[in-house]
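Q: Residue numbers (the working numbering): 161 to 443.
Have a look at this one before I ask anything.
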């Protein structure tokens, strides 16, 4: 009854088949546990399921992908938090040019919708098409209710963190006896002003969902989607006093076809030492 289950919510753009995507996330989680937490191959892998919604927006899935292995040149190092991170957090609200530019692009003015449509078309459709938004949310809602008797960790990547947040807020109002043990956001754009405005349009406050017992937000400071790395300054605590905990990571283990590091990679986030540690403590 109380066995743990990890529910994964993918992010923007088209994806491979649900089976392939689930296998990729599972391999990344297990890879991280073995490398960072010294779990052996013979130990039981955590139970994982995926709330797949790419087919709501795309008629055909992408081709199945191979797992991006972490070879001998790949390092999975912990991020060394320190004074400069605190200073950077303060600067984000003041003079950071990249952040200020992004906030102008994705602020609360009329230009925000135009920018969303041009760069984040999936998110634009999510916010402007009622049927699309309802169906995307229903994919995760069904999974959570399916596993409601188990301990649940929800991991949302990129736009998936927005979908997960919205679903958890609604479920918290509908089911007072439902709880999520750990809400994990990776590479999340939840700190964008436009996203917070959308949250406020549906809810009383921009805060931690009421049914969440713990919320951890992992960001790579060079991830262009998660440039607001300190959500604790943006989201109030819920009635239980649960506030989001922010943690910076080094997401450098996945490279693109051109050889550049993919700082937004979900696979890379899932096998960072910090994410492995919270998954190990959950299972």
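C-beta atoms are modelled at their ideal positions from N, C-alpha and C, and glycine is treated no differently.
Values in this document were obtained by computation on a predicted structure and should not be read as measured data.
(1) What number of angstroms, rounded off, separates the C-alpha of residue 341 from the C-alpha of residue 305?
(2) Would you list, in sequence order, the uninterrupted alpha helix (DSSP H) runs of no fewer than 4 residues that lie entirely inside the region 297-341?
(3) With a CB to CB cut of under 8 Å and the five nearest residues on each side skipped, what residues in its chain are close to residue 402?
(4) Quick check on the burial criterion: 16 or more other C-beta atoms within 10 angstroms. Buried or exposed for residue 318?
(5) Checking 8 Å against the spacing of the C-beta atoms, do residue 377 and residue 413 come in under that value?
(6) Look at the Cβ atom of residue 332, then the Cβ atom of residue 370, and state whether they are nearer than 8 Å.
(7) Give the range of the beta strand (DSSP E) segment to which residue 378 is assigned.
(8) Three or more C-beta pairs closer than 8 Å, one from the region 177-197 and one from the region 284-299: is that the case here?
(9) Quick check on DSSP: helix, strand or coil for residue 343?
(10) Tell me, which residues are paired with residue 166 by DSSP?
(11) Report, in whole angstroms, the separation of the C-beta atoms of residue 355 and residue 322, which I expect to be a contact under 8 Å.
(12) Take residue 209 as the anchor and find which of 189, 282, 424 has the nearest alpha-carbon.
(13) By DSSP, does residue 407 sit in helix, in strand, or in coil?
(14) Just the C-alpha distance for residue 430 and residue 173, rounded to the nearest angstrom, thanks.
(15) When burial is assigned at 16 or more other CB atoms within 10 Å of the CB, is residue 400 buried or exposed?
(16) Using CA coordinates, which residue listed in 293, 346, 364 is at the minimum distance from residue 382?
(17) Measure the C-alpha to C-alpha separation of residue 186 and residue 284 and round it to an integer number of angstroms.
(18) Nearest CA to the CA of residue 212: which residue from 239, 169, 396, 218?
(19) Is residue 228 closer than 8 Å to residue 439 when the C-beta atoms are compared?
(20) With a CB to CB cut of under 7 Å and the five nearest residues on each side skipped, what residues in its chain are close to residue 338?
(21) In three-state DSSP terms, what is residue 288?
(22) To the nearest angstrom, report how far apart residue 314 and residue 419 are at their CA atoms.
(23) For the alpha helix (DSSP H) that residue 385 lies in, which residues bound it at each end?
(24) Just to check my reading of the structure: residue 239 and residue 409 have Cβ atoms closer than 8 Å, yes? What is that Cβ distance to the nearest angstrom?
(25) What residue range is occupied by the uninterrupted alpha helix (DSSP H) comprising residue 398?
(26) Going along the chain, which residues of its own chain have a beta-carbon closer than 6 Å to the beta-carbon of residue 446, five neighbours each way excluded?
(27) Within this structure, are the beta carbons of residue 352 and residue 388 separated by less than 8 Å?
(28) How would you call residue 416, buried or exposed, if buried means at least 16 neighbouring beta carbons within 10 angstroms?
A: This is what the structure holds:
(1) 14 Å
(2) 319-334
(3) 368, 372, 373, 374, 375
(4) buried
(5) no
(6) yes
(7) 375-379
(8) no
(9) strand
(10) 208, 313
(11) 6 Å
(12) 189
(13) strand
(14) 19 Å
(15) exposed
(16) 346
(17) 29 Å
(18) 169
(19) no
(20) 308, 331, 371
(21) helix
(22) 31 Å
(23) Neither: residue 385 is in no alpha helix (DSSP H) and is coded neither H nor E.
(24) 5 Å
(25) Unbroken run through residue 398: none, as it is neither H nor E.
(26) Summary: the structure shown does not reach residue 446, with the chain confined to residues 161 through 443, and so no result is reported for it.
(27) yes
(28) exposed
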